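0 is the number of the first residue of the sequence shown in numbering that gives the first Met the number 0; add one for each residue after it.
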Amino acid sequence: MIVGIVIGSGIFFKSDDMLAYTGGNVGLAVLIFCIASFTIIFGSLCFSQLAARTDKPGGPITYYNEFIGTRWAVMFGWFQTFVYYPTLTVILSWVTGIYFCSLFGLDWGFNGWMAVGFAWFLICYGFNIASAKAGGLFQEISVIIKLIPLFVVALGGIFLGDPISVVMNPSPEAIEATKTLAWVAAIGPVAFSFDGWVVSMAVAHEVKDSKRNMPRALVAAPLCILIAYLLYFLGICGYIGPDQVMEMGDASVTLIAENLMGTTFATLITAFVTISVMGTTNGVILGSIRLPYSLALRNALPGSESLKKLNPNSKMPVNSAVFAMAVCLIWWVVHFLQNQYAWLVNGDVSEIAIAMSYLLYVPLYLVLFNMWRKREITTLRYGIIYPILATCGSLFVLIGSMANPQFKFFIVINLIPLILGYLYGKNAYTTIDYN
0 MIVGIVIGSG IFFKSDDMLA YTGGNVGLAV LIFCIASFTI IFGSLCFSQL AARTDKPGGP
60 ITYYNEFIGT RWAVMFGWFQ TFVYYPTLTV ILSWVTGIYF CSLFGLDWGF NGWMAVGFAW
120 FLICYGFNIA SAKAGGLFQE ISVIIKLIPL FVVALGGIFL GDPISVVMNP SPEAIEATKT
180 LAWVAAIGPV AFSFDGWVVS MAVAHEVKDS KRNMPRALVA APLCILIAYL LYFLGICGYI
240 GPDQVMEMGD ASVTLIAENL MGTTFATLIT AFVTISVMGT TNGVILGSIR LPYSLALRNA
300 LPGSESLKKL NPNSKMPVNS AVFAMAVCLI WWVVHFLQNQ YAWLVNGDVS EIAIAMSYLL
360 YVPLYLVLFN MWRKREITTL RYGIIYPILA TCGSLFVLIG SMANPQFKFF IVINLIPLIL
420 GYLYGKNAYT TIDYN
């Protein structure tokens with residue numbers, strides 16, 4: 000389940016960004032992959048302890064509400080509603096436009112990618128509002144399809160390329176990149192590629208014998224994801240070279256597929272990648288539609304009475320979906336302006352939001368330390384070691400994002416809903432009826 004949620008489309012269009020930040024140093028990028036994976040492992044192990052102590056669904060929002068306070072839960076919910084989910088939705092929709100145009104040979108440029116991406120954005124919201132089953136079915140299909148290009152490119156590049164050479168024999172520019180800390184910024188694209196692991200916490204209470212099985216799954220799954228990503232990354236770098244990956248950008252997966260088995264095969268792989276990104280976009284929209292509804296049940300948003308209404312036929316929170324879509328429209332404008340004026344070099348509006356979300360996990364990690372101090376947790380690893388390592392990982396992700404020159408500007412945008420959410424949280428209900 001966790002592998003299916005986390006393995007998404009980010010690896011296809013973030014590989015060139017990782018190399019750009021590391022100066023084409025493949026070995027350095029591999030190291031950052033490993034750090035990101037272990038950040039997930041220790042973070043999810045901490046969350047598994049919180050999940051074992053509540054029978055309520057909802058993931059981090061529920062953990063905030065149960066173990067820290069209602070106002071903190073509302074604060075986190077506002078961040079996800081107004082920043083996290085909308086920025087992911089917009090970026091993934093836009094990337095859908097990029098691959099769709101590449102698939103059909105449409106040289107439409109940025110505005111064309113925006114137009115196609117926006118069309119898919121509207122379609123996704125449309126069929127998810129009309130039928131929850133339709134969105135879920137498409138999501139299941141895309142999960143299978145997105146694994147095909149990942150492993151085809153990985154295996155082809157590994158066996159027919161020379162991945163060992165690109166790691167062991169970096170270019171002079173790649174060696175020079177290790178002499179500064181600019182490479183730390185590569186953690187942003189890597190964090191994007193691994194993002195989604197927290198979603199699994201929302202259903203942790205449903206896992207059979209979760210106290211025993213969840214910790215095992217939360218170690219095994221990130222390691223499986225790490226292996227899959229490293230195989231793909233080393234495969235594509237080993238076959239066409241890191242310089243070519245940076246030059247081709249998002250089209251590098253098409254290039255390696257064409258070199259491996261010809262134009263027809265490359266078109267097929269590009270189609271699979273396009274469907275993968277479309278599916279990832281749909282999955283994020285599935286979550287974003289229900290988030291305002293969830294907050295409205297707590298009376299944690301203005302207009303909660305309207306937002307918590309369900310359509311009598313489809314049982315979908317239509318008003319909540321429209322609200323989420325309206326928030327996304329604002330971020331479409333921000334994304335357009337960001338690209339027009341190049342506010343974020345080698346990045347996008349979602350990366351700082353992801354870094355901020357990692358910072359917001361830290362108070363939950365510290366809850367375990369407090370439990371250990373009160374002897375509610377008796378093991379040193381869960382009370383001290385794992386929270387410290389998870390916190391260090393989160394701070395590393397945040398520091399990586401700080402390398403962007405416009406970090407201060409975008410972090411202020413991130414802080415606005417956090418502050419407003421905390422203030423509005425005084426009106427929220429402490430408990431809600433999940434039935």
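Quick reminder that beta carbons are idealized off the backbone N, C-alpha and C, glycines included. Only a predicted model underlies this, so the values are computations on that prediction, with no experimental measurement involved.
Residues S287, A323, V326, C327, I329 and W330 of the same chain have their beta carbon placed closer than 8 Å to that of P85, with the five preceding and five following residues left out of the count. Positions of the alpha helix (DSSP H) runs, each at least 4 residues long and wholly inside the segment 20 to 70, are given as 25 to 50 and 59 to 66 in order along the chain.
Around the beta carbon of I143, a 10 Å sphere encloses fewer than 16 other beta carbons of the protein chains shown; the residue is thus reported as exposed. DSSP, read as helix, strand or coil, puts Q405 in coil. Contact between the segment 179 to 186 and the segment 397 to 410 is present, with at least three C-beta pairs closer than 8 Å.
Under the three-state reduction of DSSP output, L296 falls in the helix class.
For the pair Y421 and G248, the Cα-to-Cα distance works out to about 40 Å. A buried status is given to E350, since no fewer than 16 other beta-carbon atoms sit within 10 Å of its beta-carbon. For the segment 126 to 163, the full-length alpha helix (DSSP H) segments reaching 4 residues or more read 131 to 144 and 146 to 159 along the chain. Residue state for A427 is assigned as coil, using DSSP reduced to three classes.
At a Cβ-Cβ threshold of 8 Å, V283 and L87 count as neighbours. Look at the beta carbons and you see the segment 245 to 260 not touching the segment 166 to 176: under three pairs across the two are nearer than 8 Å.
Residue burial annotation: D347 is buried, with at least 16 other C-beta atoms found within 10 angstroms of its C-beta. Residue state for P416 is assigned as helix, using DSSP reduced to three classes. Assigned with DSSP and collapsed to three states, S303 falls in helix. Annotation: the segment 223 to 271 contains the following complete segments of the alpha helix (DSSP H) (minimum length 4 residues), in chain order: 241 to 247 and 251 to 260.
Proximity of the segment 423 to 430 to the segment 363 to 370 falls short of the contact definition, fewer than three beta-carbon pairs being nearer than 8 Å.
Annotation for S303: A295 place their beta carbon closer than 7 Å to its own, counting only its chain and skipping 5 residues before and after.
DSSP places D16 in the helix class (H, G or I) of the three-state scheme. Proximity of the segment 311 to 321 to the segment 28 to 43 falls short of the contact definition, fewer than three beta-carbon pairs being nearer than 8 Å.
The Cβ-Cβ distance between V189 and A35 falls below 8 Å. Our two residues, M277 and V165, have alpha carbons roughly 32 Å apart in a direct line.
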